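**Student:** If you're matching positions, the sequence shown starts at 103 in my numbering and goes up one per residue.
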Amino acid sequence: MKFKIYLSGEIHSSWGNDLKEEIQRSGLEIEVLTPNVFHEASDEVGVNILGPETNHFWKDHKGALINSIRSKTFIEKSDVVIVKFGDKYRQWNAAFEAGFASALGKSIITLHDESLDHALKEVDAAAAAVCHNPKQVVEILRYILT
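(1) Which residues in the same chain as F176 place their Cβ atom closer than 6 angstroms to its Cβ, once the five residues preceding and following it in sequence are excluded?
(2) From this set, K179, E124, D181 and A229, which residue's C-alpha is nearest A196's C-alpha?
(3) Suppose you measure from the CA of D162 to the CA of D145; what does that come to, to the nearest Å?
(4) For A221, tell me which candidate among H158, K106, K104 and D189 has the shortest Cα-Cα distance.
(5) Sort A227, V240, L247 and A166 by Cα distance to V122 and report the nearest one.
(6) Assuming I210 and V183 form a contact by the criterion Cβ under 8 angstroms, report the distance between their Cβ atoms to the nearest whole angstrom.
(7) How would you write the range of the alpha helix (DSSP H) that T175 sits in, first residue to last?
(8) Excluding the 5 residues preceding and the 5 following S180 in the sequence, name in chain order all residues of the same chain whose CB lies nearer than 7 angstroms to its CB.
(9) Counting C-beta neighbours from all protein chains within 10 Å, is the total for T248 16 or more, i.e. buried, or is it exposed?
(10) Report the option in E224, E155, E216 and V147 whose CA atom is closest to the CA atom of G201.
(11) Near G165, what residues of its chain come up, given a Cβ to Cβ distance below 8 angstroms and the 5 sequence neighbours on each side ignored?
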């Protein structure tokens, strides 16, 4: 069985790809599951599939429901959930996914800058580990798997 992780959170940087590359370099056999990280595709999925909306609320609602199918399924399939918080945007989706993972009893690793320690103290309290750089995440994964 292949170990699976889900990468949740901030989608406006390359952190997920950087972490995937670091995992590959480490030689660890890990399947990486992610939400749709293409912002426009994620935002537009509901209206692209189910039809247009004149009210922006319903457009977002349709997209969020479809995106939740992917994120819930992947979180349920994962062994560990990595939740990345950035300082540029508030990641409400990441906080929700961390709560969902916690409710399922999944192990959570949070990843964020030290400047966000106070703001994320409740989310971090539910995490098995709080990391401040991707290398720490990979070292934890290496420890778990070797």
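Where a beta carbon is used, it is the ideal one built from N, C-alpha and C, also for glycine. Fair warning: this is a prediction, and the values are worked out from it, not measured in the lab.
**Tutor:** Once the coordinates are examined:
(1) Y108 and L135
(2) A229
(3) 7 angstroms
(4) D189
(5) It should be noted that the sequence gives Lys, not Val, for residue 122. Checked all of A227, V240, L247 and A166; the closest Cα to K122 is V240.
(6) 5 angstroms
(7) H158 to K179
(8) K106, I107, Y108, L135 and K208
(9) exposed
(10) E224
(11) S144, D145, E146, V147, G148 and V149
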